[in-house]
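Asks:
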Amino acid sequence: MTQATELYDKWIRAWNGEMDLIDEIISPDFHFHPTNEESGEDYSGRDGVRKMITSSRTLFTPITFSIEIDPIIQGDLLAARWIGEGQYAGGFPGATAEPGTRVRFSAIDILRFKDGKFIEYWHNADDLTFMSSIGAVSFNG
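Heads up, the sequence shown is in the numbering used here, so the first residue is -17 and it goes up one at a time.
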């Protein structure tokens, strides 16, 4: 297992609740590049990562993240695909799903690493499947 692959394994473990790993794997200068620049959320640095993970783990309880496609590494960049599975806890604006509804969604992470830590993060999620699973959008035409 390469250093970058080990880092990503710890990244997924952090998302699964092992928050003590954040200081070990995240640079203080960590920067998240959101797909929606207008979201207004700041997920910079280690505290930003904690905030991001806590937000997800609050919305879905319990939730488990697993690697679906192992990391692909090129230079200082790593890309991988994961699956999230759990139960919707309620509270998402516009969602009609009952708390306890089973959900399954996926995303692709791209992370830049430097000196043994992640320093940048791009995230592309299957938001349509996610939003549909909690009743926030409908495919009924």
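Think of the CB as a built atom: it goes at the ideal place given N, C-alpha and C, for glycine as much as any other residue.
Predicted, not measured: the structure shown is a model, and the values here were computed from it.
1) Go through its chain and collect everything with a Cβ distance to H15's Cβ below 6 Å, but skip five positions before and after it.
2) With DSSP as the reference, label V31 as helix, strand or coil.
3) Alpha carbons only, please: which of V85, K96, N106 and A(-4) is nearest the one belonging to I35?
4) Could you pull out every residue in the same chain whose Cβ sits closer than 6 Å to the Cβ of F112, ignoring the five residues on either side in sequence?
5) Can you give the Cα-Cα distance for E67 and I45, rounded to whole angstroms?
6) Where DSSP assigns a beta bridge to F87, which residues make up the other side?
7) Tell me, which residues are paired with K99 by DSSP?
8) Would DSSP call S138 helix, strand or coil?
9) Pop quiz: K99 and D58 are said to be a contact at Cβ under 8 Å. What is the actual Cβ separation, rounded to whole angstroms?
10) How big is the Cα-Cα spacing for Y(-10) and S38?
11) Could you tell me whether the Cβ atoms of F47 and N(-2) are closer together than 7 Å?
12) Hey, could you find the ends of the alpha helix (DSSP H) D109 is sitting in?
13) Please state whether the Cβ-Cβ distance between N106 and I90 is less than 7 Å.
14) I need the straight-line Cα distance from E23 to P75, nearest angstrom please.
15) Could you tell me which of I7, S114 and Q69 sits nearest to D29, measuring between CA atoms?
Replies: Per the coordinate set shown:
1) W104
2) helix
3) A(-4)
4) F87
5) 6 Å
6) G66
7) K96
8) Missing from the structure shown is residue 138; the chain here goes from -17 to 123 and no further.
9) Rounded, the Cβ-Cβ distance is 11 Å, inconsistent with contact.
10) 18 Å
11) yes
12) D109 to S115
13) yes
14) 16 Å
15) I7
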